[in-house]
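Colleague:
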Amino acid sequence: PDLAFAFPRAPYPDELKREGPIRVGYSWYPYTGDPAAFRESLRVTGDWLLGLIDRVVEETRADPARVCLMGFSQGGYLAGSLAMTRPERFAGVAVLGARYKTELLDGDAPELTRLRLFAGHGSRDRSVAPGPAAAHVEELRRRGVSVDHREYDCGHRVVPEMVEDAVAYLLSSSA
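This is the structure in structure tokens:
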């Protein structure tokens, strides 16, 4: 096929505590504030997601060299961590409302220079401040990695223009 999309639900049930009835949502990883545990949870969930991607590629007969990954918020952190630790698996990665986890890099990042990286963030995001995301984009650029970074007039959410820009950017190099 020309394009195949997968929209997996995060694997960890998570109780949403807000006004009204308690609901169950899903998260991509447990987060306790412990950096070592956080890295391990990103690795475990990343391995699970890579297995899912492998199944989608096989079932759709997609070209594994053209796989792009996009994530928002927790999914964006997971996508950004996979870009840093498993860049050979992707043609491009889009991180929305999160940041690239540059602290996972060891030294220079020459393997990242072939990737199409997109970073989209709400300029009024109060959940995940846009400043650190921009700082990590600059860190990647200092390492010679090209990143298309854009801010949008919104809070912590995905707006249609953000997705349209990310998809257009990722697809522009994967033909």
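The numbering used here applies: residue 1 is where the sequence shown begins, and numbers increase by one.
Glycine included, every Cβ here is placed at the ideal spot set by N, Cα and C.
From the DSSP output, in three-state form, read off Ala175 for me.
Modeller: With a pLDDT of only 43 at Ala175, under 50, the local geometry of the prediction cannot be trusted, and no value is derived from it.
Colleague: Would you mind giving the Cβ-Cβ distance between Val158 and Gly75, rounded to the nearest angstrom? I have them listed as a contact below 8 Å.
Modeller: Rounded, the Cβ-Cβ distance is 10 Å, inconsistent with contact.
Colleague: Is it right to say Phe72 is buried, meaning 16 or more other beta carbons lie within 10 angstroms of its own, or is it exposed?
Modeller: Its Cβ being crowded by 16 or more others within 10 Å, Phe72 is buried.
Colleague: Using three-state DSSP, classify Tyr169 as helix, strand or coil.
Modeller: Looking at Tyr169 - three-state DSSP - the assignment turns out to be helix.
Colleague: Whose C-alpha, out of Gly120, Pro35, Val128, is nearest the C-alpha of Glu164?
Modeller: When only C-alpha atoms are compared, the closest one is Gly120.
Colleague: Is it right to say Phe5 is buried, meaning 16 or more other beta carbons lie within 10 angstroms of its own, or is it exposed?
Modeller: Per the 10 Å Cβ criterion, exposed.
Colleague: With Phe38 as the anchor, note down where its alpha helix (DSSP H) starts and where it stops.
Modeller: 35-60
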